[in-house]
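Q: Chains as they are written, first to last, in our numbering: chain A, 1 to 362; chain B, 363 to 724.
A virtual CB, placed ideally from N, CA and C, is assigned to each residue, including glycine.
Right, I'll just put the structure down here and ask away after.
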DNA sequence: TTGAAAGCGTTACCAT
DNA sequence: ATGGTAACGCTTTCAA
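In structure tokens form, the structure reads like this:
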């Protein structure tokens with residue numbers, strides 16, 4: 001039997017004041033029509049502490065018609081990022097008394113059901129993760145409708161919902177940073193392993209953005225892009241297919257007449273496959289070829305050597321999404337944000353060596 | 363401007379009945395003092411549908427003094443499992459109109475703060491993940507206190523909170539299954555890579571349990587255990603240390619006079635390290651040595667060959683925890699549960715070959 | 001079989 | 001500067 005929690009009435013009674021006074025005091029409400037004297041204030045605060053009073057969000061919610069809940073509609077596909085995203089949301093939401101409620105789905109039908117559920121829960125805002133999901137048209141329409149009513153709906157890791165503010169990975173800036181890094185290490189032949197449809201800007205904006213950043217930096221340096229298209233992976237599954245795609249790209253790369261001394265790979269899983277292809281040909285990483293990975297954080301650590309890479313800053317993304325959501329709620333000006341990835345220097349890249357120079361241009 | 367949602371009053375008015383009738387109908391309340399005729403029932407249902415009415419959980423919560431929220435207090439350490447656990451909880455909670463609210467923490471102070479927050483949110487139940495956290499005494503005490511009031515608190519992946527129902531990994535059964543599998547493949551020299559303190563039953567119950575299951579099966583088969591203690595890993599961090607620990611164990615194993623033809627490794631990260639050690643000595647997996655991993659799901663897929671392993675059934679664990687929580691709430695008999703892991707057959711184990719037989723006993 | 005009234009804990013508004 | 005009162009949307013209980 002849980003002890004009966006004290007209510008605002010108990011505090012009011014014990015402090016010899018009325019309910020509203022307690023409410024005003026404990027919420028530090030200054031611009032209220034209710035003004036309280038310092039003595040009263042102190043007394044109320046003391047009594048509240050003595051009684052171990054914490055206001056019930058249930059009552060508050062009903063009175064204010066606010067749930068103080070921010071919903072997170074997440075795809076099971078990118079589970080690995082979920083915890084960090086939630087944490088980011090929490091970072092921003094907590095100070096505003098908000099808490100994240102999570103709705104995870106594995107397919108469009110579940111997605112629709114969980115979306116409904118989130119509305120039934122009367123979430124005050126909704127962060128929708130459309131990453132890696134071939135967005136279902138019906139669901140997108142539903143999101144769009146909701147957003148068009150002014151409801152704070154933020155898209156995360158996706159570009160599926162029209163006319164909605166979102167948080168994206170800053171593919172182009174990330175690619176620039178990656179390329180720049182390798183340039184600074186002295187590399188001049190820098191390859192890019194990327195989704196084979198990277199040039200289809202409309203549908204593969206991520207790959208396109210990444211490629212654009214890569215090319216921009218190389219062009220500025222007067223160097224030629226060397227793109228190695230990696231086969232598309234249909235089933236995201238557990239990632240095996242991605243690795244296989246990387247192995248394939250790795251072999252392609254080795255077959256080039258003039259082999260790059262460094263490679264950037266979109267997707268750390270692909271990078272892992274690339275490394276495997278190199279190793280199985282007797283090449284050493286990074287001595288013979290530097291490999292710089294991108295995106296997923298979880299894999300980067302597992303190669304030998306561990307992959308230097310840029311990893312999605314999931315927590316920051318969560319924070320950014322929450323900021324936008326609260327911005328909309330509070331009618332502050334906010335806009336779509338691109339979050340730069342996090343630099344994880346490890347052992348798979350190194351400065352261009354003399355022997356590499358020789359190997360390349362004999 | 364979000365459209366005003368219809369309230370129960372709107373429905374009542376439109377259907378020409380009173381609020382309680384609507385409430386009774388829409389909740390299919392049979393054992394209520396309020397009985398409604400089939401016609402009325404149908405009319406109410408129709409009107410509700412027409413108005414697109416969905417009851418507000420805010421009002422219901424206040425009236426029933428139930429938040430319909432199950433809290434999940436998770437450690438950031440095992441982020442990878444978070445999404446699956448949440449999903450499992452969702453599986454059980456949703457049909458009961460409950461939703462999971464997630465509270466993630468990175469250290470004991472945050473843990474305490476998030477715990478408080480969850481109580482402030484008036485969660486009706488709390489699932490506490492103490493995995494891998496050297497449980498903070500103060501927090502444990504707080505959990506215990508709460509649980510002792512009859513509050514539905516369930517410990518997940520840990521044994522830190524006394525007198526509390528929990529969901530655990532079934533280490534012993536898992537080890538038995540793993541060992542049995544290798545026996546059935548014909549192996550007779552089966553090694554176990556496990557935390558160096560595995561024999562300290564009290565503090566390292568996981569390792570102990572796993573070892574026990576392993577030994578039990580071997581004994582029954584009249585075989586000798588071959589334990590290779592892996593160095594303790596202090597900083598869980600990103601897992602690099604675990605892999606290093608596995609590499610170390612792998613080298614130890616290779617130095618044995620009579621080398622096992624198969625190894626079970628507690629922790630897939632360690633298994634990964636073991637594989638690396640083997641490969642770097644020119645041994646092939648599974649041709650020369652079979653390697654069977656355990657526990658984390660995320661890594662198992664990344665080795666070459668991918669690791670056959672038993673992986674923690676996180677979603678099932680979440681389900682089990684939720685079931686216990688609801689059981690306590692509804693005063694049904696429930697008890698601590700051990701969840702068996704999931705069998706993920708992949709490429710790192712194979713039947714004992716003739717050549718292996720020869721190598722071992724020349 | 002139904003309606004009416006009270007109450008859940010809080011906040012907002014209007015009096016004093 | 002403070003208190004009273006109504007309201008939020010729903011459920012529960014009692015009366016009809």
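CB of residue 22 of chain A to nearest heavy atom of the ligand FMN: below 7 Å?
A: For the structure depicted, the ligand FMN is absent and the ligand set is empty, with no information on it obtainable.
Q: Does residue 432 of chain B come within less than 8 Å of chain A when only Cβ atoms are used?
A: no
Q: Measuring straight from C-alpha to C-alpha, what distance separates residue 380 of chain B and residue 413 of chain B?
A: 16 Å
Q: Quickly, what does DSSP pair residue 125 of chain A with across the bridge? List them, please.
A: Listed as beta-bridge partners of residue 125 of chain A by DSSP are A:70.
Q: Can you list the residues of chain A that residue 438 of chain B reaches, using a CB-CB cut of under 9 Å?
A: 83, 84, 87
Q: For residue 177 of chain A and chain B, any beta-carbon pair shorter than 8 Å?
A: Answer no: the Cβ-Cβ gap between residue 177 of chain A and chain B never drops below 8 Å.
Q: Tell me, please, whether the CB atom of residue 345 of chain A is closer than 8 Å to any CB atom in chain B?
A: no
Q: For residue 357 of chain A and residue 658 of chain B, what's the separation of their Cα atoms in angstroms?
A: 42 Å
Q: In the DSSP assignment, what are the bridge partners of residue 295 of chain A?
A: A:311
Q: Between which two residues does the alpha helix (DSSP H) carrying residue 419 of chain B extend?
A: 419-426
Q: With 7 Å as the limit, tell me which residues of the stretch 288-319 of chain A have their beta carbon closer than that to any beta carbon of chain B; keep them in chain order.
A: 298, 299, 301, 302, 304, 306
Q: Helix, strand or coil for residue 451 of chain B, going by three-state DSSP, please let me know.
A: DSSP, read as helix, strand or coil, puts residue 451 of chain B in helix.
Q: Among A:218, A:246, A:221, whose alpha-carbon lies nearest the alpha-carbon of residue 228 of chain A?
A: Selected option, being the one with the closest Cα: A:246.
Q: Shortest alpha-carbon distance to residue 389 of chain B belongs to which of B:473, B:691, B:422?
A: With distances taken between Cα atoms, residue 389 of chain B lies closest to B:422.
Q: List the residues of chain A whose Cβ lies closer than 9 Å to the Cβ of residue 463 of chain B, in chain order.
A: For residue 463 of chain B, the C-beta contacts it makes with chain A under 9 Å involve 69, 99, 100, 101, 102, in order along the chain.
Q: Can the beta-carbon of residue 493 of chain B be found closer than 8 Å to that of residue 476 of chain B?
A: no
Q: If we cut at 8 Å on Cβ distances, does residue 92 of chain A have a partner in chain B?
A: no
Q: Given this structure, state the Cα-to-Cα distance separating residue 457 of chain B from residue 432 of chain B, to the nearest angstrom.
A: 13 Å
Q: Tell me whether the beta-carbon of residue 531 of chain B lies closer than 8 Å to the beta-carbon of residue 374 of chain B.
A: The Cβ atoms of residue 531 of chain B and residue 374 of chain B do not sit closer than 8 Å to each other.
Q: Leaving aside the five residues before and after residue 594 of chain B along the sequence, list all residues of the same chain whose C-beta is less than 7 Å from its C-beta, in chain order.
A: 557, 558, 559
Q: What are the start and end residues of each continuous alpha helix (DSSP H) run of 4 or more residues lying completely inside the stretch 310-345 of chain A, in chain order?
A: 314-329
Q: Considering only the alpha carbon of each residue, which of A:9, A:42, A:305 lies closest to residue 602 of chain B?
A: A:305
Q: Rounded to the nearest angstrom, what separates residue 416 of chain B and residue 152 of chain A at their Cα positions?
A: 20 Å
Q: When the distance is taken between beta carbons, is residue 25 of chain A closer than 8 Å to residue 375 of chain A?
A: This structure leaves residue 375 of chain A out entirely; chain A is present only between 1 and 362.
Q: Any Cβ of chain A within less than 8 Å of the Cβ of residue 411 of chain B?
A: no
Q: Considering Cα atoms alone, identify which of B:368, B:473, B:632, B:698 is closest to residue 409 of chain B.
A: It is B:368 whose Cα lies nearest to the Cα of residue 409 of chain B.
Q: Could you spell out where the beta strand (DSSP E) holding residue 103 of chain A opens and where it closes?
A: 99-105
Q: Where does residue 540 of chain B land, buried or exposed, given buried means 16+ other C-beta within 10 angstroms?
A: buried
Q: Do residue 319 of chain B and residue 533 of chain B have their C-beta atoms within less than 8 Å of each other?
A: Residue 319 of chain B cannot be examined here, being either before or after the span of chain B that is shown, 363 to 724.
Q: State whether the stretch 210-224 of chain A contacts the stretch 274-292 of chain A, with contact taken as three or more CB pairs (one from each stretch) at a distance under 8 Å.
A: no
Q: Counting Cβ pairs, one atom from each stretch, are 3 or more of them under 8 Å apart for the stretch 137-147 of chain A and the stretch 178-188 of chain A?
A: no
Q: Output needed in chain order: residues of the stretch 318-338 of chain A with a Cβ under 8 Å from some Cβ in chain B.
A: Answer in chain order: no residues at all.
Q: Mind pulling the beta strand (DSSP E) runs of 3 or more residues that sit fully within the stretch 202-234 of chain A?
A: Counting only runs of at least 3 residues, the stretch 202-234 of chain A fully encloses the following beta strand (DSSP E) elements, listed from N- to C-terminal order: 226-230.
Q: Listing by chain order, which chain A residues have their CB less than 7 Å from the CB of residue 747 of chain B?
A: The structure shown does not extend to residue 747 of chain B, since chain B is modelled only from 363 through 724, so no value can be given for it.
Q: Take every Cβ of the stretch 160-167 of chain A, pair it with every Cβ of the stretch 326-336 of chain A, and state whether three or more of those distances are shorter than 8 Å.
A: yes
Q: Along the stretch 620-651 of chain B, where does the CB come closer than 7 Å to a CB of chain A? Name the residues.
A: 634, 638
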